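>
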Amino acid sequence: MIPVSLKLSNFTSYGKDVPVLDFTKFHLAVISGSNGVGKSSLLDAITWCVWGYSRAGESSDQLVRLGADQMFVEFTFELDSHRFSVKRQRSLKHGGNSALELWSGTHNLTEGTIKATQQKIIDLLHLNMETFTNSSFLRQGHADEFTTKGPTDRKRILADILGLSHYDLLEEKAKEKSKDIATKLQLLQYQLLEIEAELSQKDESKEKLKKAEETILVVEKNLTEKEEQLKNLLKEKEQLNLSFQQRSKLEENLRSGKLELEEILTQGKNRAARISQLEDNIKILPEIEKALAGLGKLRKEAEEANLQKQKRLEIERQIATSNGELNVKKQQKDQLQEQLTKIDKDFQDLEKTGAKCPTCGQEIDKDHKEQVKKELSEGKLKLNQEIKTTDTTKLEAEIKSLQTQLEKLPILERITILNRLQELEELQIKKENLLQSKAQLETEQKTVLELRTFYKNKLKNIQQTEEQLNKSPNVKESLDKIILAISEQEESIKNLRGEEKEARNIYGQVQELISRTKQLENFYKSKSSEKEKLSSEKEGYEELALAFGKKGIQAMIIETAIPEVEEEANNLLEKLTQGRMKVAFVTQKETKTKMTDGEKGIVETLDIIISDEMGQRPYEMYSGGEAFRINLAIRLALSKLLTRRAGAKLQFLVIDEGFGTQDVEGRTRIIEVLDTIKNDFEKILIITHLDELKEEFQTRIEVSKGSSGSTFEVVGA
Numbered sequence: 032m033i034p035v036s037l038k039l040s041n042f043t044s045y046g047k048d049v050p051v052l053d054f055t056k057f058h059l060a061v062i063s064g065s066n067g068v069g070k071s072s073l074l075d076a077i078t079w080c081v082w083g084y085s086r087a088g089e090s091s092d093q094l095v096r097l098g099a100d101q102m103f104v105e106f107t108f109e110l111d112s113h114r115f116s117v118k119r120q121r122s123l124k125h126g127g128n129s130a131l132e133l134w135s136g137t138h139n140l141t142e143g144t145i146k147a148t149q150q151k152i153i154d155l156l157h158l159n160m161e162t163f164t165n166s167s168f169l170r171q172g173h174a175d176e177f178t179t180k181g182p183t184d185r186k187r188i189l190a191d192i193l194g195l196s197h198y199d200l201l202e203e204k205a206k207e208k209s210k211d212i213a214t215k216l217q218l219l220q221y222q223l224l225e226i227e228a229e230l231s232q233k234d235e236s237k238e239k240l241k242k243a244e245e246t247i248l249v250v251e252k253n254l255t256e257k258e259e260q261l262k263n264l265l266k267e268k269e270q271l272n273l274s275f276q277q278r279s280k281l282e283e284n285l286r287s288g289k290l291e292l293e294e295i296l297t298q299g300k301n302r303a304a305r306i307s308q309l310e311d312n313i314k315i316l317p318e319i320e321k322a323l324a325g326l327g328k329l330r331k332e333a334e335e336a337n338l339q340k341q342k343r344l345e346i347e348r349q350i351a352t353s354n355g356e357l358n359v360k361k362q363q364k365d366q367l368q369e370q371l372t373k374i375d376k377d378f379q380d381l382e383k384t385g386a387k388c389p390t391c392g393q394e395i396d397k398d399h400k401e402q403v404k405k406e407l408s409e410g411k412l413k414l415n416q417e418i419k420t421t422d423t424t425k426l427e428a429e430i431k432s433l434q435t436q437l438e439k440l441p442i443l444e445r446i447t448i449l450n451r452l453q454e455l456e457e458l459q460i461k462k463e464n465l466l467q468s469k470a471q472l473e474t475e476q477k478t479v480l481e482l483r484t485f486y487k488n489k490l491k492n493i494q495q496t497e498e499q500l501n502k503s504p505n506v507k508e509s510l511d512k513i514i515l516a517i518s519e520q521e522e523s524i525k526n527l528r529g530e531e532k533e534a535r536n537i538y539g540q541v542q543e544l545i546s547r548t549k550q551l552e553n554f555y556k557s558k559s560s561e562k563e564k565l566s567s568e569k570e571g572y573e574e575l576a577l578a579f580g581k582k583g584i585q586a587m588i589i590e591t592a593i594p595e596v597e598e599e600a601n602n603l604l605e606k607l608t609q610g611r612m613k614v615a616f617v618t619q620k621e622t623k624t625k626m627t628d629g630e631k632g633i634v635e636t637l638d639i640i641i642s643d644e645m646g647q648r649p650y651e652m653y654s655g656g657e658a659f660r661i662n663l664a665i666r667l668a669l670s671k672l673l674t675r676r677a678g679a680k681l682q683f684l685v686i687d688e689g690f691g692t693q694d695v696e697g698r699t700r701i702i703e704v705l706d707t708i709k710n711d712f713e714k715i716l717i718i719t720h721l722d723e724l725k726e727e728f729q730t731r732i733e734v735s736k737g738s739s740g741s742t743f744e745v746v747g748a
C-alpha cells in the first residue's frame, strides 16, 4: 500500500477548508508542529478511514470536530499498480449514521453493508489494523506495542506479517476432510460388523434349513389328516342342520299360528262390542227421518225471505239516494233565491237619491245607473232560469212512489225461518252419519261370520302342526357338539397352516442367506479394502493438518523468518547503539516440569532476549532512550519484512514521536538509520514537535492551529 492523497473535513481539530495532503510530492517527510496542534490526527485520519480505528478506539463520534455534525476522510493509495480510494463518513444527525465506500478508479467496489466493505478492504490489503500498528506504524506512546506483548501474541502478529493465515485455512480444510473420512469409516465399520455377524451364521443356517424341511413334511401330513376329518364333520353337520331347520320351521309355524288364533279372538271381541254400539246408535234414525219431512218446504221459505230482504234493502237505498239529491236541490234553490232578493234590493236602492254603484260603492250618475240597471236585469233573468232547473216536484214524486212500494212488501219472520232451517240441516248431517253407521254395522256383522270360519280353520292347522312336531326328532344338542368339533378342527388346521407358513418362510430366508453368502464374502473383502484406503487417507489428512498448523509449516516459516528479523534488528542496533546492544529471538524453551521419562519437555515460544556490554537484562531495566532504540530496531525490521511479504506490500512506514527520549547523538543516529532504510519504503512519515529535529529533513509538513481549526503546509517538496 503506497499513500497517494488524504482529504479530510471536520476531523478532530481540522475544519472544512483543509488542503489535500499529496503524498506524490515527497518520499520522506516530517510532520512537525507544537504539541496538540493535530499532527497525530493526520495518521488517525488514515487508520480511521481504512480500518475504522484511531487513538479513540472504535468510537467515531469523539472524532467529529466540536460544533460540527458530520465529518469525512478520503484516503487514496496504490496497490500493485492499481489506485484505490476509501471514503468513510460519520454524521451525528438523527441519532448518528455512518457510511463507507471503496472505489477503484471509476469502479464502485462498495458492498451492501459497512462490515462487508470493511472486510473487503482488509482482504485487499492482506493487512489488519493490529498488524499495521505492530510493524509499520510506531504510534505515539505505543512504540513498545510488539516488544511488550506476550510470546503467543508476538507469534500471531508475526504470522499475520508473514501471511500465514492461508495455512490456517488449509489446516481447517484438512481437519474437515479427516472428520468426513472418520464418519465414513465409522459407517463402514458398522457395515463390516453386520456382514461378519451374518457370515458367522453360515453353518447354523444349514441346520435351520434341514429342520425347516422336516417340519414342513410333518405339518403337511397332519394337515391332510385334519382336513379329511373336517370334511366328514361338515357332512354330518349338513344332515343335522337340515333336520334342525325342519323342526325349527314347525315350531315357528306353531308359534305364529297360536298368535294368529289369539289375534282372531281379540278381533271377534272388539267387533262384537262395535256391533252393539252401532245398534244403539241407529235406534233414533226413524225419529230423525220423520223430523226431516218438512225440510224442503222450509228451504223455499228461507229463499223467499232472503229475496224480500234484498228488495227492501234496494228500495231503501234508492229512497236514501233520492232524499240526498232533493236536499241538494233545495239548498241550490235557496241560494239562488237569496241572490234574486239581493238584485231586487239593488233595484230599489238605485231609485234613491245619491244612489251608489252596488259594485264599486261610488255615487252613480244617470248613464251609469242605466247601465247598472241593465246588468241587474240580465242577472235577474239568468237567476230565474236557473231556479226553474231546480224544480223538486218530480224527485218528490219518485220518493213517494218508492215509499209506497216499500209499504206493500210483506214482512216475513226471516230470522225464525233461518234458525229452524239450521236445526234441520244439522239433523240432516246426523242422519247421514247414522246411515254410515248402519252400513258399518252390516259390514261388521259379515266380518264376524268370516272370523268364526277362519278361527275354526286356523285351530285345525295348529292341531296338525303339533302332531308333526311331536313326530320330529330334536337334534339341537347333537348339532351343537358337531359345530364345536368343527370349530376346534378348523382352529387346529389354522395353527398347522401357520406352522407351515412359518417353516416355509424360514426355509426361504435360510436358502436366500446361503445363496448370498458368497456375495457377502466378496462384498466384505471390497469393504475391507475400502476401509484400509480410507484409513490411509485419514492419516494423510491428519498429517497435513499437523503440517499446516501452528506447530508445522507455520512454525518452520517463522523459524526461517526469525533469523532475518533478528539480523536486520541487530544491524540497526549496531548503528543506533554503536554496537553496544543486541537482541535475540528464542522460539523454543524447556518446560519447568519434567515429562514422564524424566526429561524436560520443549514448548514453542517467541521470547525477546536483550543484551548489552553489561550482559542480559529485562526489558524494563533499560532507559527510555534505550528502550525506544530497541523497539525502533525491531519494528523497522518487522516493517521491512512486511514490505517483502507476498500480497501485502505495505511499503509505508510511520514513526509518531519517541525522539524526545533521545539525546543529540541518539537522534543523529536514528536519522542516519532512517536514511539507510528509506529506499526500502515508498513513503516514510515521521512526526515530531522538536524544532531541532525537523530541520534535519528536507520535506516538512508543518501543522498549525488557528481560530478556524488545524491546518498544514508542505514545505520543501
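Sequential numbering of the sequence shown, starting at 32, is according to the working numbering.
By construction, the Cβ of each residue, glycine as well, lies at the ideal position given by its N, Cα and C atoms.
Here the structure is a predicted model, which means the values were calculated and not measured.
Counting only the same chain and skipping the five closest in sequence on each side, list residues whose C-beta sits under 6 angstroms from that of A243.
So the list reads A534, I537, Y538, once near-sequence residues are dropped.
> Check this for me: beta carbons of K215 and I718, under 7 angstroms apart or not?
In this structure, I718 does not lie closer than 7 angstroms to K215 by Cβ.
> Just mark Q682 as buried or exposed, buried being the case when its beta carbon has 16 or more other beta carbons within 10 Å.
The residue in question, Q682, is buried, as its Cβ has 16 or more Cβ neighbours within 10 Å.
> Buried or exposed: V614, going by 16 or more other Cβ atoms within 10 Å of its Cβ?
That one is buried.
> Can you find the residues in the same chain that come closer than 6 angstroms, C-beta to C-beta, to T43, ignoring five residues on each side of it along the sequence?
Closer than 6 angstroms at the Cβ level, and outside the excluded window around T43, lie S72, L94.
> Who pairs with H138 in a beta bridge, going by DSSP?
In DSSP, H138 forms a bridge with S135.
> Apart from the five residues just before and just after E590, which ones in its own chain have a Cβ nearer than 8 angstroms to its Cβ?
Excluding sequence neighbours, E590 sits near T618.
> Count the other CB atoms within 10 Å of the CB of K725; is the residue buried (16 or more) or exposed (fewer)?
Answer is buried; the Cβ neighbour count reaches 16.
> At 4 residues or longer, and completely inside the stretch 237-269: list those alpha helix (DSSP H) runs for me, N to C.
Listed in chain order, there is nothing to give.
> Which runs of the alpha helix (DSSP H) at least 4 residues long sit entirely within the stretch 64-89? Give them in chain order.
Correct list: 70-82.
> If we count the other Cβ atoms within 10 Å of its Cβ and call it buried at 16 or more, is P34 buried or exposed?
Looking at its Cβ environment, which holds 16 or more other Cβ atoms inside 10 Å, P34 is buried.
> Do the stretch 50-60 and the stretch 726-745 meet, that is, are 3 or more Cβ pairs less than 8 angstroms apart?
The stretch 50-60 vs the stretch 726-745: in contact.
> For F659, which three-state DSSP category applies?
F659 falls in the helix class under three-state DSSP.
> Could you tell me the boundaries of the beta strand (DSSP E) in which V95 lies?
Run containing V95: none; DSSP gives neither H nor E here.
> Whose C-alpha, out of A76, P649, E293, V61, is nearest the C-alpha of S36?
Out of A76, P649, E293, V61, A76 has the C-alpha closest to the C-alpha of S36.
> Within 10 Å of its beta-carbon, does P50 have 16 or more other beta-carbons around it, so buried, or fewer, so exposed?
When all chains shown are included, P50 counts as exposed.
> What's the call for V634, buried or exposed, on a 16-neighbour Cβ count within 10 Å?
By the 10 Å Cβ count, V634 comes out exposed.
> Are the stretch 470-489 and the stretch 251-271 touching, with three or more C-beta to C-beta distances below 8 angstroms?
Touching, no.
> Out of curiosity, what's the CA-to-CA distance linking G529 and K262?
G529 and K262: Cα-Cα distance of roughly 20 angstroms.
> Using 7 angstroms as the threshold, is the C-beta distance between A668 and K206 below it?
Cβ atoms of A668 and K206: not closer than 7 angstroms.
> Where does Q760 fall in DSSP's three states?
Any property of residue 760 remains undetermined from this structure, which presents the chain solely from 32 to 748.
> Enumerate in chain order the residues of its own chain whose CB-to-CB distance from T246 is below 6 angstroms, with the five nearest sequence positions on each side excluded.
So the qualifying residues of the chain are A534.
> Would you mind giving the Cβ-Cβ distance between Q393 and K400, rounded to the nearest angstrom? I have them listed as a contact below 8 angstroms.
Contact doesn't hold; Cβ gap of about 12 angstroms is too wide.
> Which runs of the alpha helix (DSSP H) at least 4 residues long sit entirely within the stretch 566-646? Give them in chain order.
You should have 584-608.
> Just reading off the beta strand (DSSP E) that K38 is part of, what are its end residues?
Start and end: 33-40.
> If we count the other Cβ atoms within 10 Å of its Cβ and call it buried at 16 or more, is E481 buried or exposed?
Its Cβ having fewer than 16 others within 10 Å, E481 is exposed.
> Can you grab the Cα-Cα spacing for the pair Q270 / N284, in whole Å?
So the two alpha carbons sit approximately 22 angstroms from each other.
> Taking C-alpha atoms, which residue in I62, K397, R483 lies nearest to T384?
Of the candidates I62, K397, R483, the one whose C-alpha sits nearest the C-alpha of T384 is K397.
> Pick out whichever of E644, R660, I639, E599 has its Cα sitting closest to the Cα of K671.
The residue with the shortest Cα to Cα distance from K671 is E599.
> Taking the alpha carbon of V596 as the reference point, which residue from E563, I639, S567 has its own alpha carbon closest?
Ranking E563, I639, S567 by Cα distance to V596 puts I639 first.
> Determine the contact status of L371 and L414, defining contact as a CB-CB distance below 7 angstroms.
In this structure, L414 lies closer than 7 angstroms to L371 by Cβ.
> Mind checking whether N159 and I152 have CB atoms under 7 angstroms apart?
For N159 and I152, no; Cβs fall outside 7 angstroms.
> Apart from the five residues just before and just after A213, which ones in its own chain have a Cβ nearer than 7 angstroms to its Cβ?
Excluding sequence neighbours, A213 sits near K569.
> Rounded C-beta distance between H720 and S85? I'm assuming under 8 angstroms.
Actually they do not touch by this definition, with Cβ atoms about 19 angstroms apart.
> Tell whether a beta-carbon distance below 7 angstroms holds between V479 and R302.
Cβ atoms of V479 and R302: closer than 7 angstroms.
> Output the boundary residues of the alpha helix (DSSP H) element that contains G410.
From DSSP, the alpha helix (DSSP H) with G410 extends over 397-420.
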